[in-house]
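Just below is one structure, and these are the notes that go with it.
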Amino acid sequence: MDAFFASAEQLTRPTLAGRPVLVGGLGPRAVVAGASYESRVFGVRSAMPMGQARRRCPHAVTVPPRFVLYQSLSEQVMGVLAEAAPVLEPVSVDEAYLEPPALAGADAAEVERFAVDLRAAVRAATGLPASVGAGSGKQLAKIASELAKPDGLRVVTPAEQEAVLAPLPVRALSGVGPVAETGLHRLGIRTVGAIAAMDLRELTGLLGTAVGTELHRLARGVDERPVAPRGAAKQISAETTFDADLTAMRAVHEAVARITGAAHRRLVASGRAARTVTVKVRSADFTTHTRSETSAVASTDLGALTAVAQRLARTAVPEGGVRLIGVSLAGLGDDPPPALFEPPREPDLVLDAEPESTAQEEPDVARPWRPGDDVRHDEHGHGWVQGAGHGRVTVRFETRTTGPGRARTFPADDPALVRADPLGSLA
Numbered sequence: 001m002d003a004f005f006a007s008a009e010q011l012t013r014p015t016l017a018g019r020p021v022l023v024g025g026l027g028p029r030a031v032v033a034g035a036s037y038e039s040r041v042f043g044v045r046s047a048m049p050m051g052q053a054r055r056r057c058p059h060a061v062t063v064p065p066r067f068v069l070y071q072s073l074s075e076q077v078m079g080v081l082a083e084a085a086p087v088l089e090p091v092s093v094d095e096a097y098l099e100p101p102a103l104a105g106a107d108a109a110e111v112e113r114f115a116v117d118l119r120a121a122v123r124a125a126t127g128l129p130a131s132v133g134a135g136s137g138k139q140l141a142k143i144a145s146e147l148a149k150p151d152g153l154r155v156v157t158p159a160e161q162e163a164v165l166a167p168l169p170v171r172a173l174s175g176v177g178p179v180a181e182t183g184l185h186r187l188g189i190r191t192v193g194a195i196a197a198m199d200l201r202e203l204t205g206l207l208g209t210a211v212g213t214e215l216h217r218l219a220r221g222v223d224e225r226p227v228a229p230r231g232a233a234k235q236i237s238a239e240t241t242f243d244a245d246l247t248a249m250r251a252v253h254e255a256v257a258r259i260t261g262a263a264h265r266r267l268v269a270s271g272r273a274a275r276t277v278t279v280k281v282r283s284a285d286f287t288t289h290t291r292s293e294t295s296a297v298a299s300t301d302l303g304a305l306t307a308v309a310q311r312l313a314r315t316a317v318p319e320g321g322v323r324l325i326g327v328s329l330a331g332l333g334d335d336p337p338p339a340l341f342e343p344p345r346e347p348d349l350v351l352d353a354e355p356e357s358t359a360q361e362e363p364d365v366a367r368p369w370r371p372g373d374d375v376r377h378d379e380h381g382h383g384w385v386q387g388a389g390h391g392r393v394t395v396r397f398e399t400r401t402t403g404p405g406r407a408r409t410f411p412a413d414d415p416a417l418v419r420a421d422p423l424g425s426l427a
């Protein structure tokens, strides 16, 4: 999928179509989760600090991520791909490999016709653009899809694969990370063609037998890795980087409760239960501390899982502030047993003079309106907040099917204006 998060925002909020869009938070430590192609021409990219991205593209519209929306669209995309091939290998929420039996022995023209139809089917199902790459193996298909972006297709035939691979930078190959790249650059090896021309013994001496042999084959267009369904995730996790370091255990407990709740929702949706809870705490100096606990019986009880996570967090919190907290649930199994007892309430420990607090999130209704929030109005239907402040909120009412909508301003406490499910923007 092309600029998936940003494209989903432009699809469901038609006013944003054709405009530079950044998806991510606005805090001092926020990063770009997605960037439209209109913003990428200014040098913006995913994982860039949001402050840097906004300086490069100050006229971009920034909206918070709506992962429930992206997941819904992803499921539609994967459904289309599953109909096209019996074996599907999802790589991420917006990318997958498939190897259609109908294309065994096909020529380039037939593969291209298939890809044209596949892209059209994805567009019809979702309204989103997709790029398709095809080649003799997964590596070449991936490279071809990158060459096709945005919103295109590229078929790399066996006859041309050497010419396509040779000039690419070494990082284009799967398995070449920063360390391997540095080692190769030290030897003057900067392109895939140069790797293909290396003596295998020299390459394995630098990168090890397994990695060196695999890269040598990939650089020559030899890729026999099968397309196979991915197994179920071995763990489910969630984490948050805070705009300001947490210094009170009360705040840590509240954050752990929220983060555990996020992981728990995904756990329940997967139909599994967890035996192991792991808490990761990163301090202000970027030192990371982890604590883990495994029980004999798997559980889906949010109270029990939260109590364990909070207990682990107390032993993991370092001196000074807490920059990041993550909670992961592992040891996953099906058919969770019912909870027999309510978990004991853990006492709060306070790092400063602030009073104790139960680790529960404030009701959502108390949160003020923020740009990007989904809302519904009794009269005007579904919309999203464009701006808020000074007791007023401006909402643009539009969805995927309406075209650009009209903006209206209301008192922030207007009872006719309520928070809405992001999936309503797909209507």
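If you use the UniProt record's numbering, the sequence shown corresponds to residues 1 to 427, in order.
Where is the CB? At the ideal position from N, CA and C, for every residue including glycine.
All values reported here derive from a predicted model rather than from experimental measurement.
Taking all protein chains shown into account, decide if residue 345 is buried (16 or more other Cβ within 10 angstroms of its Cβ) or exposed.
Model confidence at residue 345 stands at a pLDDT of 39, short of 50, so the residue's coordinates are unreliable and nothing is read from them.
Per DSSP, what kind of secondary structure is residue 311 in: helix, strand or coil?
helix
Leaving out the 5 sequence neighbours to the left and right, which residues in its chain are closer than 8 Å to residue 318 when beta-carbon positions are compared?
281, 283, 287, 289
Taking the straight line between their C-alpha atoms, what separation do you get for residue 228 and residue 275?
28 Å
Over what stretch of residues does the alpha helix (DSSP H) that includes residue 56 continue unbroken?
50-56
Count the other C-beta atoms from every protein chain shown that fall within 10 angstroms of the C-beta of residue 296, then say buried if there are 16 or more, exposed otherwise.
exposed
Among 375, 426, 199, whose alpha-carbon lies nearest the alpha-carbon of residue 412?
375
Through-space distance from residue 247 to residue 359, alpha-carbon basis
Model confidence at residue 359 stands at a pLDDT of 31, short of 50, so the residue's coordinates are unreliable and nothing is read from them.
Just verifying my parser: in three-state terms, what is the DSSP assignment at residue 252?
helix
Exposed or buried, residue 187, counting other C-beta atoms within 10 Å across all chains shown (16 or more means buried)?
exposed
What's the gap between the Cα of residue 43 and the Cα of residue 293?
43 Å
Could you check where the alpha helix (DSSP H) with residue 135 kicks off and where it finishes?
Where residue 135 is concerned, there is no enclosing alpha helix (DSSP H), given that its DSSP letter is neither H nor E.
Whole runs of the alpha helix (DSSP H) within the stretch 222-284, excluding any shorter than 4 residues
249-270
Considering Cα atoms alone, identify which of 241, 257, 278, 36 is closest to residue 63.
36
So which of 220, 185, 244 has the shortest CA-CA distance to residue 29?
244
Helix, strand or coil at residue 145 [DSSP, three-state]:
helix
Of the residues 255, 6, 121, which one's Cα is nearest the Cα of residue 17?
6
Beta-carbon spacing of residue 316, residue 279 below 7 Å
yes
On the DSSP bridge list, what partners appear for residue 2?
DSSP output for residue 2 lists no bridge partner at all.
Below 8 Å on the Cβ atoms is my guess for residue 94 versus residue 242; work out the distance and round it to an integer in Å.
With 8 Å as the limit, residue 94 and residue 242 do not qualify as a contact, their Cβ atoms being about 27 Å apart.
Assigned exposure category for residue 342 - 16 Cβ within 10 Å defines buried:
For residue 342, the predicted model reports a pLDDT of 39, less than 50, meaning its position is unreliable and no value from the coordinates is stated.
Go through the stretch 60-136 residue by residue and report every complete run of the alpha helix (DSSP H) that reaches 4 residues or more, in order.
67-84, 108-126
Counterpart residues of residue 377 in DSSP-defined beta bridges
381, 417
Do the CB positions of residue 76 and residue 125 come within less than 7 Å of each other?
yes
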